[in-house]
Amino acid sequence: VSIYEAAFGFGLVSMSVIAIAAVGFTMQFGITNMINLAYGEVMICSAYVAYYLNRAGFSIWIGMLAGALFGAVFSFLLNRVLYAPFQRKGTSYLGMVIVALAVSLMMANLLLPLVGYFPVSYAENQGRLIQWGGIALTIDQIAIVGIAVVVMLLIHGLLKYTRLGKAMRATSANPTLARNCGIPTQRVIDAVWLITGALCGLAGVVAALNSDSFAVAAGAGYLITILAAAVLGGAGQPYGAMIGAVLIGMITELSAAAWSPNYKEVVAFSILVLVMVLRPQGLLAKRGALAAAG
Amino acid sequence: VNTYYAANLLIYAGVDIIACLALNLQFGVSGIVNFSFIVFQSAGAYAAAVLSMPPDTANGGFQTYIGGYQMPFPIPWIAAAAAGGLLAIPVGLVVLRKLRSDYQAIALLVLSVIANSVITNAVPFLNGAAGLAVVPQPLQDQINPATETYQYVYVALTAVCVVLAFALVARIVNSPYGRTLRAMRDRELAATAIGKNPVRLKMTVFIVGGILAGLSGGILVGFITTWAPSEWLYPETIILFAAVIVGGRGNNLGALLGALLVPVGFEEVTRLMVRLNIGPPGLIPALEWVAIGLLIIGFLWFRPQGVRPEPRHVFEGAPLMEES
Numbered sequence: 174v175s176i177y178e179a180a181f182g183f184g185l186v187s188m189s190v191i192a193i194a195a196v197g198f199t200m201q202f203g204i205t206n207m208i209n210l211a212y213g214e215v216m217i218c219s220a221y222v223a224y225y226l227n228r229a230g231f232s233i234w235i236g237m238l239a240g241a242l243f244g245a246v247f248s249f250l251l252n253r254v255l256y257a258p259f260q261r262k263g264t265s266y267l268g269m270v271i272v273a274l275a276v277s278l279m280m281a282n283l284l285l286p287l288v289g290y291f292p293v294s295y296a297e298n299q300g301r302l303i304q305w306g307g308i309a310l311t312i313d314q315i316a317i318v319g320i321a322v323v324v325m326l327l328i329h330g331l332l333k334y335t336r337l338g339k340a341m342r343a344t345s346a347n348p349t350l351a352r353n354c355g356i357p358t359q360r361v362i363d364a365v366w367l368i369t370g371a372l373c374g375l376a377g378v379v380a381a382l383n384s385d386s387f388a389v390a391a392g393a394g395y396l397i398t399i400l401a402a403a404v405l406g407g408a409g410q411p412y413g414a415m416i417g418a419v420l421i422g423m424i425t426e427l428s429a430a431a432w433s434p435n436y437k438e439v440v441a442f443s444i445l446v447l448v449m450v451l452r453p454q455g456l457l458a459k460r461g462a463l464a465a466a467g
Numbered sequence: 015v016n017t018y019y020a021a022n023l024l025i026y027a028g029v030d031i032i033a034c035l036a037l038n039l040q041f042g043v044s045g046i047v048n049f050s051f052i053v054f055q056s057a058g059a060y061a062a063a064v065l066s067m068p069p070d071t072a073n074g075g076f077q078t079y080i081g082g083y084q085m086p087f088p089i090p091w092i093a094a095a096a097a098g099g100l101l102a103i104p105v106g107l108v109v110l111r112k113l114r115s116d117y118q119a120i121a122l123l124v125l126s127v128i129a130n131s132v133i134t135n136a137v138p139f140l141n142g143a144a145g146l147a148v149v150p151q152p153l154q155d156q157i158n159p160a161t162e163t164y165q166y167v168y169v170a171l172t173a174v175c176v177v178l179a180f181a182l183v184a185r186i187v188n189s190p191y192g193r194t195l196r197a198m199r200d201r202e203l204a205a206t207a208i209g210k211n212p213v214r215l216k217m218t219v220f221i222v223g224g225i226l227a228g229l230s231g232g233i234l235v236g237f238i239t240t241w242a243p244s245e246w247l248y249p250e251t252i253i254l255f256a257a258v259i260v261g262g263r264g265n266n267l268g269a270l271l272g273a274l275l276v277p278v279g280f281e282e283v284t285r286l287m288v289r290l291n292i293g294p295p296g297l298i299p300a301l302e303w304v305a306i307g308l309l310i311i312g313f314l315w316f317r318p319q320g321v322r323p324e325p326r327h328v329f330e331g332a333p334l335m336e337e338s
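Respectively, the protein sequence lines represent chains V and Z.
Oh and the first sequence: position 169 is 342 in my numbering, straight run, nothing missing.
Oh and the second sequence: position 269 is 283 in my numbering, straight run, nothing missing.
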């Protein structure tokens with residue numbers, strides 16, 4: 174039984190990592206209508222930014238900030254330089270998905286010669302092991318859970334209580350109407366890419382910190398877990414992504430304990446398929462996947 | 015030119031042409047973004063392999079796999095086509111229902127990654143990451159595969175399949191059925207309104223494409239005699255997409271041209287580059303993937319219709335109208 178208690182602890186950490194990543198991903202989709210398939214690769218790049226800072230002697234927490242900053246700037250530029258011009262040109266949703274996939278492929282293969290094929294890990298003392306019943310977590314893992322909780326509260330506050338958040342929700346619901354009401358949707362979308370990019374970068378560093386080692390190839394795996402969480406919660410719904418992250422994080426860790434850790438992503442995928450068959454709009458969305466593609 | 019080199023080139027070209035024709039039917043003509051195309055090719059390759067190989071105890075048991083029926087030549091290729099088509103049914107049933115089309119694309123992408131990871135981890139099924147090796151070649155009991163004659167025979171067999179595949183897709187694309195497919199791609203709601211069932215149309219195209227993809231896998235595995243998960247990672251599908259986009263979406267000749275320009279062209283460039291020995295190992299392949307990405311983005315930006323655009327289908331008696 175204690176293996177399940179331990180898995181529950183890992184599930185808490187896992188869901189925290191997924192939540193940070195999935196909320197960023199789903200906000201990009203919900204507000205800018207862009208399924209950014211390069212998200213996993215941006216995460217990996219940020220993780221490497223933190224890795225090189227870490228190797229240069231900075232603490233991993235500084236690296237985490239730098240990773241978030243990198244993610245924000247990179248995502249902002251990615252949208253400004255590539256995605257937004259294509260969208261303005263009237264490229265279809267499907268065309269945008271292909272563009273994003275091409276970007277993801279290019280990023281992974283530009284990164285490979287730079288950082289090499291071999292997995293690396295942060296030079297970080299994982300800290301004391303804290304025991305609580307059968308749950309044993311390192312200080313770092315507890316910090317990850319803490320960071321996730323703080324980030325989720327900040328996102329909630331942003332969306333609920335600030336003018337920017339209100340403008341984001343308006344842009345998400347109906348961009349044309351929002352613009353006609355005097356909301357500077359272009360600036361809102363820039364802000365969205367900066368904020369979600371920061372979440373993406375932070376998630377990359379946190380995910381790398383939580384695993385023993387990471388390599389460029391991990392990006393695709395991140396993307397699948399994030400997609401599963403975002404679609405499960407209802408794509409484009411930040412709160413849905415949080416629920417999705419909790420479910421996916423916990424279920425994958427418990428299944429790893431019960432079955433085999435090799436199949437974590439397969440379990441995430443099975444959940445994704447079940448959602449697509451039974452409730453394609455996800456848990457929270459009113460329309461989501463069922464809305465016709467324009 | 016060396017016969018073996020020429021045969022190798024022609025057979026790869028044939029396989030890529032069949033694959034690109036199938037993908038063009040799905041993506042170019044019908045608008046289904048099948049990001050797991052390579053999985054269907056792989057299903058064909060595995061099916062052909064396990065049907066033609068001896069039981070896994072035969073080679074001293076150095077690899078484990080299901081099947082091993084030692085079937086004679088045409089059966090593995092037919093089974094390869096059937097495997098691709100059969101796999102398309104459950105996948106299509108889940109993915110092609112009333113999902114948004116960009117959701118369909120990401121679902122298929124995820125499927126491609128997961129299928130590869132399952133086959134890699136489930137070792138006894140198809141020998142895991144190591145993959146299958148020493149797959150018997152078609153007709154190897156009749157003709158010695160090491161001879162030049164065999165190369166000619168294999169090229170001829172491949173050519174027959176290419177011609178059949180081209181005839182099939184040309185027949186579909188130029189028929190009223192093809193017109194319905196294009197109508198669905200361009201305006202699904204309007205096609206539904208005049209009584210066409212998009213789910214059924216997509217399903218049919220998905221299965222036909224799966225059959226051709228499976229056949230191409232069967233041809234390939236019979237020639238290279240190995241098949242492993244590293245052969246069918248999801249970026250392989252993106253090469254085929256690049257080929258169809260470069261060649262011309264919706265145009266069969268364009269797909270053929272794209273197959274010769276992109277997958278075959280890059281294969282040859284790699285061969286050349288490796289011989290020139292530039293940079294550290296792994297740099298050239300990585301940069302090639304970057305080039306593929308640039309090719310896709312460049313074409314989508316500057317010439318989205320491709321080198322050979324889809325012909326405009328105009329009814330002769332119709333009044334002339336400006337294209338919207």
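Every residue gets a Cβ at the ideal spot worked out from N, C-alpha and C, and that includes glycine.
Chain-ordered chain Z contacts of residue i [CB-CB under 7 Å]
i	result
V/PHE442	VAL124, ILE128
V/ALA211	Simply none; closest approach about 10 Å.
V/VAL446	VAL108
Selected residue, minimal CA-CA separation from residue i, among the options
i	options	result
V/GLY307	V/LEU447, V/PRO453, V/GLY338, V/ILE176	V/ILE176
V/ALA192	V/ASN206, V/ILE424, V/ILE416	V/ILE416
V/LEU451	Z/GLY261, Z/VAL187, Z/VAL109, Z/GLN319	Z/VAL109
V/ILE368	V/ASN227, V/TYR224, V/LEU250, V/ALA180	V/LEU250
Z/PHE51	Z/LEU178, Z/ILE157, Z/TYR79, Z/GLU245	Z/GLU245
Z/THR71	Z/TYR60, Z/TYR83, Z/THR251	Z/TYR83
Z/GLN55	Z/THR194, Z/GLY98, Z/PRO159, Z/ILE310	Z/GLY98
V/PHE198	V/ALA180, V/GLY213, V/ALA364	V/GLY213
Z/VAL258	Z/HIS327, Z/LEU308, Z/ASN38	Z/ASN38
V/TYR295	V/ILE320, V/SER384, V/ILE271	V/SER384
V/GLY407	V/PHE183, V/ALA179, V/VAL196, V/GLY184	V/VAL196
Z/ILE6	Z/GLY279, Z/PRO325, Z/ILE253, Z/ILE225	The first residue shown for chain Z is 15 and the last is 338, placing residue 6 of chain Z beyond what the model contains.
Z/GLY307	V/LEU278, V/LEU337, V/ALA316	V/LEU278
Z/LEU146	Z/LYS216, Z/VAL64, Z/GLU281, Z/TYR18	Z/VAL64
Z/VAL328	Z/ASN188, Z/TYR26, Z/LEU215, Z/VAL222	Z/ASN188
Z/GLN156	Z/ARG185, Z/VAL176, Z/ALA173, Z/PHE87	Z/PHE87
Z/ALA33	Z/ASN22, Z/VAL53, Z/PRO295, Z/VAL149	Z/VAL53
Z/LEU123	Z/THR251, Z/GLY320, Z/PHE316	Z/THR251
Partner residues on chain V for residue i, Cβ-Cβ distance less than 7 Å
i	result
Z/ILE311	VAL272, ALA275
Z/PHE255	ILE271
Z/TYR131	Note that residue 131 of chain Z corresponds to Ser in the displayed sequence, not to Tyr. Ordered by position in chain V, the residues that pass the 7 Å Cβ test against Z/SER131 are GLU438, VAL439.
Interface residues of chain V facing residue i [CB-CB closer than 9 Å]
i	result
Z/ASN135	SER433, ASN435, TYR436, VAL439
Supposed contact pair residue j and residue i - C-beta distance, whole angstroms, cut 8 Å
i	j	result
Z/PRO212	Z/THR206	6 Å
V/THR335	V/THR344	Actually they do not touch by this definition, with Cβ atoms about 14 Å apart.
V/ILE378	V/GLY230	The displayed chain sequence assigns Val, not Ile, to residue 378 of chain V. No, V/VAL378 and V/GLY230 are not in contact; Cβ-Cβ is about 17 Å, not under 8 Å.
V/LEU456	V/GLY413	6 Å
Z/LEU270	Z/ILE31	5 Å
Z/ILE128	V/VAL439	6 Å
Closer than 8 Å at the beta carbon, the chain V residues around residue i
i	result
Z/LEU303	Checking the sequence, you will find Trp at residue 303 of chain Z rather than Leu. The answer, in chain order, is LEU278, MET279, ALA281, ASN282.
Z/PRO150	By Cβ distance, chain V contributes nothing, its closest Cβ being about 31 Å from Z/PRO150, past 8 Å.
Listed by chain order, chain Z residues near residue i by CB distance under 9 Å
i	result
V/GLY268	LEU314, PRO318
V/PRO286	GLY293, PRO294, GLY296, LEU297, ALA300, LEU301
V/LEU405	Ordered by position in chain Z, no residue passes the 9 Å Cβ test against V/LEU405, which lies about 13 Å from the chain.
V/TYR290	GLY296
Under 8 Å by beta carbon: chain Z residues contacting residue i
i	result
V/ILE397	VAL124, VAL127, ILE128
Please give the ranges of any alpha helix (DSSP H) in the region 260-302 of chain V, keeping only runs that are unbroken, at least 4 residues long and fully inside the region. The region 260-302 of chain V contains these whole alpha helix (DSSP H) runs: 266-288.
Every unbroken beta strand (DSSP E) within the region 300-380 of chain V, with a cutoff of 3 residues, ordered by chain: With a minimum length of 3 residues, the continuous beta strand (DSSP E) runs that stay inside the region 300-380 of chain V are 302-305, 308-311.
Of all the alpha helix (DSSP H) runs that stay within the bounds of the region 53-110 of chain Z, which reach a length of 4 or more residues? Taken in chain order, the whole alpha helix (DSSP H) runs of length 4 or more contained in the region 53-110 of chain Z are 88-109.
Could I get the ranges of all uninterrupted alpha helix (DSSP H) runs contained in the region 144-224 of chain Z, with 4 residues as the minimum, in chain order? The alpha helix (DSSP H) runs of length 4 or more contained entirely in the region 144-224 of chain Z are, from start to end of the chain, 162-188, 190-200, 202-207.
Start-end ranges of the alpha helix (DSSP H) lying completely within the region 252-331 of chain Z, minimum 4 residues: List check, alpha helix (DSSP H) in window: 266-273, 279-290, 297-316.
Is there contact here, the region 286-300 of chain Z with the region 228-236 of chain Z, by at least three beta-carbon pairs under 8 Å? Short answer: they don't touch.
Spell out a yes or no on whether the region 134-151 of chain Z and the region 252-269 of chain Z are touching, meaning 3 or more CB-CB pairs, one atom from each, closer than 8 Å. The answer is no - the region 252-269 of chain Z does not touch the region 134-151 of chain Z, with fewer than three Cβ pairs under 8 Å.
Would you list, in sequence order, the uninterrupted alpha helix (DSSP H) runs of no fewer than 4 residues that lie entirely inside the region 198-233 of chain V? Runs found: 212-228.
Write down every uninterrupted run of the alpha helix (DSSP H) in the region 383-424 of chain V whose length is 4 residues or greater and which is fully enclosed by it, in chain order. Within the region 383-424 of chain V, complete alpha helix (DSSP H) segments of at least 4 residues are found at 391-406, given in chain order.
Three or more beta-carbon pairs under 8 Å between the region 201-220 of chain V and the region 254-273 of chain V, yes or no? Judged by pairs of C-beta atoms under 8 Å, the region 201-220 of chain V touches the region 254-273 of chain V, as three or more such pairs exist.
Enumerate, from N- to C-terminal direction, the unbroken alpha helix (DSSP H) stretches of 4 or more residues contained entirely within the region 116-141 of chain Z. Fully enclosed alpha helix (DSSP H) runs of 4 or longer: 137-140.
Segment contact, 8 Å Cβ cut-off, at least three pairs: the region 392-403 of chain V with the region 425-442 of chain V: Yes: the two stretches touch, three or more of their Cβ pairs being nearer than 8 Å.
Meets three-Cβ-pair contact criterion under 8 Å: the region 283-293 of chain V and the region 218-226 of chain V: Taking one beta carbon from each stretch, the region 283-293 of chain V and the region 218-226 of chain V have 3 or more pairs nearer than 8 Å; the two touch.
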